[in-house]
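Note sheet for the following structure.
Numbering (the working numbering), first residue to last: 1334 to 1385.
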């Protein structure tokens, strides 16, 4: 099941760093939250975060 828990759009600063707000809830403990970042040129990366 897919549940929206993250901002859909984030912007980077002049150093290329970015911030994103996630909002998991207690019932998601033990689940893995996947965030995918994509940027100019069609590049992307997916990160998995195991929620405690």
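Backbone N, C-alpha and C fix where the C-beta goes; we use that ideal spot for every residue, glycine too.
Quantities reported herein were computed from a predicted structural model and do not represent experimental measurements.
What residue does the beta strand (DSSP E) around residue i start on, and which one ends it?
{"i": "residue 1371", "result": "1365-1372"}
{"i": "residue 1383", "result": "1376-1383"}
To the nearest whole angstrom, what separates the beta carbons of residue i and residue j, a pair I think is in contact under 8 Å?
{"i": "residue 1345", "j": "residue 1353", "result": "That pair is no contact at about 11 Å."}
Pull up the distance between the alpha-carbon of residue i and that of residue j, whole angstroms please.
{"i": "residue 1341", "j": "residue 1369", "result": "10 Å"}
{"i": "residue 1380", "j": "residue 1347", "result": "22 Å"}
{"i": "residue 1364", "j": "residue 1355", "result": "14 Å"}
{"i": "residue 1349", "j": "residue 1375", "result": "16 Å"}
Return the chain-ordered list of same chain residues with a C-beta closer than 7 Å to the C-beta of residue i, the five sequence neighbours on each side being excluded.
{"i": "residue 1371", "result": "1377"}
{"i": "residue 1359", "result": "none"}
Please go through the same chain and pick out, in chain order, the residues whose beta-carbon is closer than 8 Å to the beta-carbon of residue i, but skip the five residues on each side of it.
{"i": "residue 1336", "result": "1361"}
I'd like to check one pair, residue j with residue i: are the Cβ atoms closer than 8 Å?
{"i": "residue 1366", "j": "residue 1351", "result": "no"}
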